Each structure stands twice: as structure tokens, then as C-alpha cells.
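Chains as they are written, first to last, in my numbering: chain U, 1 to 738; chain Z, 1 to 125.
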């Protein structure tokens, strides 16, 4: 969930109770307002009712006052009528006055109607009420000659104690005027009904509605109760709330139709305002959450980028390194500062590490150098002992042991320097197309000739595959892998070395039946200074850098090296894969020579220096040749017949009979004509070369010569001589001596 | 034994043990060997004695180094020089070559290697 969403949730969580409270409060307020309105409207209606009662009461009081006049009490009827006429004149709402006996006979009427004896008054109910109860009675609305009126009747008694009913016909306009004076809102409908629930006066449409029955809903309400508040419709059908009340004195009813809208508008507006407010608040909350979220999270995202940069070793964004805050949130700034400090600390530590690493490299270089001086002294002393010391007895082997161990130490010092150089990448590859099979053969042969393979069954399956590589470094890779296999395989164990092409890759596999690798060691086997816990022979122990060297060297060649083992005691297998290239075609002779191991030749070495002779012999045997030796010219000439060599390699500086002379004498013989002759010397001058060719040599080499170079020259000399097939001649001991 | 017999070698080496072993071995091989333990001693020897056939110098000397020694000698000195050093890096080898050494051998050196280097630089003997 993003920060924005959290903020939104927080805001909504805070807002929700407010909204609920708002809705409840609005509901309560609306209800209260409605109640207030209802009360106000009801009071207004009651005021109108009181006014109507008062108006009717005023009319009856006036009539009563007239009825208590002297003339009536004394029985002077005509004078009383005169008085009534005067009263009629000052009562604008009155249409007529009449006097009747309580039995119903009219005595007089201000309209000069003839006395009707025994005639029943039109409105007999109110007449009866007045005559029988002796109280004021208000008659219902009545239509006569197209005009509406109602009667106000009062019972009166004369001095003779005779009962009469004095009646005034009142124009309903006195009520409608009264209604008009109430100044009800224009959309309200005020109505006054008589006891028959017919309309006496109405604020709206008085002319057309007078005398009509009240609206159905009002009549239904009146049937139920004398007073109340209901929701109904006017006679026109408008929806209204109506407070109503029936006067207990007159039986007349006052009601007010108030449009529903007028009552409900307030609460509805409040509800609407509340809804709008809530929506606005929600939107505002959303916007604020988004804006604030972005404001907080943008610097955090930048910090995340910076932290990732820190992890990747890239420089941390400098914006955070400055003292100026980048965020409004202090905590974020704190993180930014901490990150910047962390970045500086990491950089400082990196610098420390680099300088420590540099110091280590320098130390290793210096150590290598400083170790060489004592080693040099040791080696010279050992060699001196070898040359001059006892050749027999218990101490005879000691100088050789010292010298061998010094050389072993020297190799370790070399490895130490190499690993320092190789791990820091401070070395150049001098690459050239080379057959991996040839490199493997060279390394295995030289190990074999040094006797290193004597205790193991070593098998080389050298399939030709070309790579673009530094030969010296490839030899180092092979020597390390094979050396490792030897080191960790008990005597008698098998070691298989193979080279072959697999698609675009040149594969070199060295596997052994040795002590294998534990699953814990396997993934770390290429790390520097990691070694198996036990070696079979501590004297063969190294520094644990061989495989690191191998890995770095192979990687520099664009290849990979992997280790596999079925576990401890089950041997191990190292596989090097290098990018393969096509065999070069430009130099076919060389390619042909190098692709297949050179054919085995019979080689005679003529060299007076025993060491040099020994070294040459080992090297050539390593190349698969059959080697014979002679220490000087006469010995060489004497052995030719018996050995029948393909090639003789002759040192020029022989004592007595020198190399030139030996060559001349060999060429003089028939057996010596097709013999390949190679001069070997330390003298590199042109003059010497010419003398050698003149003497009959086919080729000429300057010491020191590498075994490979010598082998190549031997092959070219034999091939170009064209006479001798590459077939081994059998010894034919007798008779061949010249 | 070889054509080297009677050749004169000036070995400049401050480490007495190393100087002893190498000089004795060279003597066995028939060389005449002078040993100088410092640059100053080497210069003295070169002034007082007839010039050697070859100069073999350690690079680190108490009063200077082999490169400086060679710089002190005239370019037409008439004898080749071989550097003998514990330094093995290509750049070290390049600097000895620039200074005028014909060979750069890495300590420890077997006497056979040293002699073949001498023979090479003497170009015949």
C-alpha cells in the first residue's frame, strides 16, 4: 500500500465519525426546525381561530346589547325595531336583523318582510339551539337569493319574562376580511369552516370556494379529531401540511394549508448542504492525501534510488549530501543525512580497502623480492655443494635436496607474485593461435620427463582444437590443474586429461580418481587461499592460489572453468571451456606440424656439457623422440652406424674435434649424407652461421632452445631432406659400423 | 672445459652469501671473478683493474642500484652487463633493458642459466 493510500485511509478514518455526527446533528436540527415550524404554524392557526371566535363573539355581544334595550324590555316593539335599524346601520357586516318569538313566529324584520305567523325559520337548528339552550348560537352558512350569509342568534327575555330570539344575518365577508388581515404567506391557504364543514372564508379563491365542502383530507381529519396536524391535499390538489382546530364554542373550524415544500425545504437544504460538505471534504481529503503523499514519498523514492546507488557502488546523489533539507518531513531529511553520511563512510571504507589492497600487493611484491635474495644465496650454495661436496655417503643427497626445495620455494614465490599480478589484472596476454592439444602435450610431457607422473596412471587424450591464447599462460593453467590432480590423488590413481572441440568451445578436462571435493569446499574451490584440508604429501603443499590463478587466467581468455566432484573420496573433475577458433590456414606447414604431434624421430645429441646434454635429452624424449647421446666428436662418429639417427644435434663448441669438423666428417660418409644435421651453439654471429652451413649443417639454433622449437626444426630438417621416411629403423647391431 | 675459461667477470652483489656461492661456482666453470659489494667498490675495481669481459650486477646495492652503476660508466665501456634481480615484473625488466643491461635474470638463478646468459651476451667466447 502506498503512502498516499495510507494518508487517505487516515483522513477517511478521521472524517467518518464527523460525517456520522453531522448526519445525526442535521437530522436532529431538521426535526427540531420542523417541530418549531409546526408549532409556529399551529399557533398562527390558533390565533386565527381566536380571532374568528372573537369576531363571532363581537357580533353576538352587539346583538345582546341591542336585546337589552329599554324599548324591547318594555315591550315597545316598533321602538325596538327602530333601534335595530339604527344598529344595522352602524354594523357594516350585518344584512338584516329580525326578532322572533321562541316558538318561531317572526315579530319583525328590518327588511320589512310581512310577519309570518307560524313560519319556521330557515336555519332552524341554530334557532332551536338559541331558543332551547338560552345561549348564543352561530348558524351555518346559508345561501339566499345568490348571496351567502350566516346567522348569529341570541335569546333575549323581556320584562314580562317572555322568550325571544334576536337574529342578525351576517355577511361572511367579515370572516374573509378577518382572514385577509392575518397576512398569511401567499402560498399558504387559510380557511374557515362552519359546523357543517363548509367553507365560510378562504384566503385563496374565496368567490368560487365559498359554500363548498372542505377538502376531503381535512374532513377526514375532522372526523377523527377536533384538532391536529396532518399531511394532505387542498381542494385544488396541492400537497400541504395542515394544522386545524374546531372551536368548541361555535363548532367552526380554522385550518391552514402550508405547502409541503415550505416545511421540508429547510431540512432538505440542510441535508443537501451536508452532503455537499461531505463530498467536498472527501475530495479535499483525497487531494491532500495525494499531494502530501507525493511530497513525502518523492524524496523517499529519491532516497531509495540513492540507497540502491550506494549498494551498487555508484556515487550517492549529491543533492542529499548538502546541508539544505530536501523534504518537509524532518524524518526524511534525517534519513537523507544518514544516507549521505553512510555514503561518505562507505566511500572512505572503500578507499581504505583499496589502499589496504594496494599495500597488500606491494607487500607481496616486496616479499617475493626479499625472499629471492636468500633463495639465491641458498641455491648457489647448494649448487656449489653439488659441484664440490661428497658424491657418496649419507650427506651426498643433501645438496640436491636443498636445491630441489629451493626451486620449489621459488615456484611458490612465483605463484605468489603471479596471483597478485593476475588478481589485479596487471598482466598482458600475448595471444596467438595455438592448438590446445599441443599445449596439453607439452605440459604433460615436461611433467613426465621430470618424473612427476611416475606414481600415477596418466592418460592424455589430446584432440586438436585451436584457441587464441597466451601459450605461457595456458601452460600455467594446465600445469596447475594437472599438478593439483597429482597432489590430491594417491599413488596409483588415475588422471585423465583431454582436449576436444565442442561446438564453439574448446574443452579441456582434467579429472582424477583422487580424494575429491566436499560439497562445502566445491563452491569455494576457486577462491584465493582456499585449500583442501589435507594434502597427501605436505612437501607438495602450495599456497592455495593455483586454482585462483587458473580461474583468472581462463577468464582473461574469455573462458570459464568449473569444478565438479561426486564428493570426498570420489575424485574431482575440472573443466575449462575457451572460445574455439578455426585452425589457421595461412601457415599450413606450421599448422600441420602443430596439429598432430611431431612424429617420433631418432635423435643423436652430441654435447660435451653433461647438464646441457641431459636437459636436451629430457626435452626431446618429452617430445616423443628416441634419443642417443655422445659426449664428443669421436664418440658421435663411432655411434652413428649403430644408432642410425634421423637427425644429429651437434654442439659447435666441442672439445678437440669441434662441431664443424664432426659435420664435415659425417657428410663425407655415405650414411651421413641423408642425415639431418642441426648445429647448436651460443655463438650468434653471422660468420658462425655461414661456417655451419658450409660445414654441411642443415639448420642452426642458438642456445637456449625450447624443446618445441628444437622439435619443430628436427621435423623440418627431416622432411626437407626428403630421403628418410618417418619409420623407425630397427637396430641392426653388427656390420653397420664403418 | 669450455671456451669461457679465463674470462673475467665482475660480480656486483652486496649479499656476501650470494656473492660467495655464485663466484665460487663461476670459478669452477673457469671464470676469473672479481666481487664488489657496493657501487663504489665496483667503480673502484673498474678503475684499478683491467676491464672485465662481463659485468653481473645486483640491482639493489647499499649505495645505489645497478641502473645507476651502469649510468656512471661510459657508453663505450666495452663489456656487456647482466642484471640479477629479485624484481620480476615486466616493467622492472623493461627498465633494466633501457638502462643498458643485455639480460635480466631473476633470482635465484642456477649457475647453468647464468653461464648460458654470459655466453649469449658475449656472443661467442
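Idealized CB from N, CA, C, for every residue including glycine. Treat the numbers as computed from the prediction; the structure is a model and nothing was measured.
| Asked | Found |
| --- | --- |
| Chain-order list of residues whose beta-carbon lies under 8 angstroms from that of residue 658(U) (same chain, five-residue window excluded) | 633, 652 |
| Per-residue contacts from residue 24(Z) into chain U (C-beta, under 7 angstroms) | 384 |
| CB contact below 8 angstroms: residue 323(U) versus chain Z | Per-residue confidence for residue 323(U) stands at a pLDDT of 49, beneath the threshold of 50, marking its modelled position as unreliable; no derived number is given. |
| Three CB pairs or more closer than 8 angstroms across the segment 5–16 of chain Z and the segment 33–46 of chain Z | yes |
| For residue 364(U), the nearest candidate out of 88(Z), 112(Z), 113(Z), 99(Z) (CA to CA) | 88(Z) |
| Beta carbon proximity, residue 18(Z) to chain U, threshold 8 angstroms | yes |
| Identity of the residue in 153(U), 693(U), 441(U) nearest residue 127(U) by Cα | 153(U) |
| Span separating the alpha-carbon of residue 698(U) from that of residue 710(U) | 13 angstroms |
| Extent of the continuous beta strand (DSSP E) run through residue 210(U) | Per DSSP, residue 210(U) belongs to no beta strand (DSSP E) and is neither H nor E. |
| Any C-beta of chain U under 8 angstroms from that of residue 204(Z) | The first residue shown for chain Z is 1 and the last is 125, placing residue 204(Z) beyond what the model contains. |
| Distance CB(residue 42(Z))-CB(residue 81(Z)) smaller than 8 angstroms | no |
| Helix, strand or coil at residue 24(U) [DSSP, three-state] | helix |
| Proximal residues, the segment 353–371 of chain U versus chain Z, C-beta separation under 8 angstroms | 365, 368, 369, 370, 371 |
| Option nearest residue 6(U) by Cα separation, candidates 574(U), 136(U), 292(U), 200(U) | 292(U) |
| Residue 507(U): first and last residue of the uninterrupted beta strand (DSSP E) it sits in | 505–512 |
| Residue 628(U) - partner residues in DSSP beta bridges | 604(U) |
| Nearest to residue 294(U) (by Cα), restricted to the options 57(U), 228(U), 2(U) | 2(U) |
| Residue(s) in a DSSP beta bridge with residue 497(U) | 460(U), 510(U) |
| Sequence-distant residues of its chain with Cβ nearer than 6 angstroms to residue 118(Z) (five each side left out) | 54 |
| Length of the line joining the Cα atoms of residue 69(U) and residue 45(U) | 36 angstroms |
| In DSSP terms, what residue 96(U) is bridged to | 169(U) |
| Distance, residue 583(U) Cα to residue 591(U) Cα | Note that residue 591(U) scores 40 on pLDDT, short of 50, meaning its location in the model is unreliable and no value can be drawn from it. |
| C-beta atoms of residue 204(U) and residue 189(U) nearer than 8 angstroms | yes |
| Identified DSSP bridge partners for residue 60(Z) | 65(Z) |
| Integer Cβ distance of residue 717(U) from residue 678(U), believed to fall under 8 angstroms | 6 angstroms |
| Within 8 angstroms, strictly: CB atoms of residue 578(U) and residue 603(U) | no |
| Beta strand (DSSP E) segments (min. 3 residues) lying fully within the segment 398–463 of chain U | 432–435, 457–462 |
| Coarse secondary structure for residue 567(U), derived from DSSP in three states | coil |
| Within-8 angstroms CB hit, residue 6(Z) to chain U | no |
| Best match in 618(U), 644(U), 9(U) for proximity to residue 285(U) [C-alpha to C-alpha] | 9(U) |
| Of the residues 349(U), 416(U), 381(U), 403(U), the one placed nearest residue 370(U), counting alpha carbons only | 416(U) |
| Cβ-based burial, residue 54(U) [other Cβ within 10 Å; buried from 16] | exposed |
| Own chain, CB closer than 7 angstroms to residue 93(U), minus 5 neighbours either side, in chain order | 170, 171, 173, 174 |
| Opening and closing residue of the alpha helix (DSSP H) in which residue 234(U) lies | That residue, residue 234(U), is in no alpha helix (DSSP H); it is neither H nor E in DSSP. |
| Sequence-distant residues of its chain with Cβ nearer than 7 angstroms to residue 390(U) (five each side left out) | 396 |
| Proximity to residue 563(U) [Cα-Cα], best of 610(U), 630(U), 485(U), 639(U) | 485(U) |
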